[in-house]
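Residues in the sequence shown are numbered from 3 upward in steps of one, following the working numbering.
Single-structure report; data block below.
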Amino acid sequence: RQGKFELYFENGSLAEVQTFIDDKQSGESCIYFEDGSLSAKVFYKEGQLENEAVSYHQNGQVAHKIFYKNGKFHSQNDKPAVVLYDQEGNLFKIQEFKEGVAQGYETLFHPSGREFKKVKYLDGKKDGAEIFYDKDFNKNFVSTGNTSEFLVKENGKIGVDPSASLTINYNEKLPTKLY
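Encoded structure:
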């Protein structure tokens, strides 16, 4: 394949525009929803995803911003490799990668924008404690991989309650496809 290719939905609206050089995707590719609005914009270099890929929820809000290097998730300068947003445009998750391997922090957020969960990765493996926060940014659960501790406030004092349980209830509709 060589040149620009267009794919269409059955209703005749444009579904995708791709460019090929020497049978490899190259340059910008755009994917559309059936109503004609932009679903995603990705960039290819010699058949591999490269630089920033952005996808959108059907309502037009940004769903993902993902950075690639040689087809792999890769943080670029001060920008994490993966940034996810909910349908209302609230930041949901950021994660750092180096050449496709989790490296640095993964952070999830409450709809209010406050951190919900934070964990550090080193060479693709969790490095240290996994910390969960409530909506008021109070640390309420810590997991170190081997042990988990629920931090309980009672009469203004913080203690550990081994019989406590944690229910994580974050029911946002998140994008299901990463480009």
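Note that the Cβ used here is the ideal one computed from N, Cα and C, for glycine as well.
Quick caveat, the model's predicted, so the values are computed rather than measured.
Just to check my reading of the structure: Pro82 and Glu98 have Cβ atoms closer than 8 Å, yes? What is that Cβ distance to the nearest angstrom? Numbered from its first residue, the sequence shown carries residue 82 at position 80. Numbered from its first residue, the sequence shown carries residue 98 at position 96. Confirmed, Cβ separation roughly 5 Å.
So, with DSSP's three-state summary, where would you put Glu132? Taking the sequence shown and counting its residues from 1, the one referred to as residue 132 is at position 130. It is a strand residue.
Where do the N-terminal and C-terminal ends of the beta strand (DSSP E) with Lys6 fall, by residue? In the sequence shown, residue 6 corresponds to position 4, counting from 1. Run containing Lys6: 5-10, per the beta strand (DSSP E) assignment.
With DSSP as the reference, label Ala83 as helix, strand or coil. In the sequence shown, counting from the first residue as 1, residue 83 sits at position 81. Ala83: coil per DSSP, three-state reduction.
Simplified DSSP assignment, three categories, for Ala17: Mapped onto the sequence shown, residue 17 falls at position 15. Here Ala17 sits in strand by DSSP.
Take Asn15 as the anchor and find which of Glu36, Val64, Asp24, Leu110 has the nearest alpha-carbon. For the purposes of this step, residue 15 is taken as residue 13 along the sequence shown, with counting starting at 1. What sits at residue 15 in the sequence shown is Ser, not Asn. Closest by alpha carbon: Glu36.
Let me check one thing: in DSSP terms, what residues is His66 bridge-paired to? Residue mapping note: residue 66 aligns to position 64 of the sequence shown, counting from 1. Note: His66 sits in a beta bridge opposite Ser57, Leu86.
DSSP state of Ser114, grouped into three classes? Looking up residue 114 in the sequence shown gives position 112. Reduced to three states, the DSSP call for Ser114 is coil.
Rounded to whole angstroms, what's the CA-CA distance from Leu124 to Gly106? Just pull it up for me. Here residue 124 refers to the residue found at position 122 of the sequence shown. Here residue 106 refers to the residue found at position 104 of the sequence shown. If you take the alpha carbons of Leu124 and Gly106, they lie about 6 Å apart.
When you compare the CB positions of Glu12 and Gln20, do they come within less than 9 Å of one another, or not? Stepping through the sequence shown from its first residue, residue 12 is reached at position 10. Stepping through the sequence shown from its first residue, residue 20 is reached at position 18. No.
Would Ala104 and Tyr87 qualify as a contact pair, given that the criterion is a beta-carbon distance under 9 Å? If you number the sequence shown from 1, residue 104 lands on position 102. If you number the sequence shown from 1, residue 87 lands on position 85. Not closer than 9 Å, so no.
Distance between beta carbons of Lys26 and Asn48, contact taken as under 8 Å: Taking the first residue of the sequence shown as 1, we reach residue 48 at position 46. Taking the first residue of the sequence shown as 1, we reach residue 26 at position 24. The displayed chain sequence assigns Glu, not Asn, to residue 48. The pair is a contact, with the Cβ atoms about 5 Å apart (cut-off 8 Å).
In the structure shown, what three-state DSSP assignment does Glu108 receive? Taking the first residue of the sequence shown as 1, we reach residue 108 at position 106. In the structure shown, Glu108 sits in a strand (DSSP, three-state: E or B).
Give the DSSP-derived three-state secondary structure of Leu98 in the structure shown. Residue 98 sits at position 96 when you count from the first residue of the sequence shown. As written in the sequence, residue 98 is Glu, which differs from the Leu given in the question. Reduced to three states, the DSSP call for Glu98 is strand.
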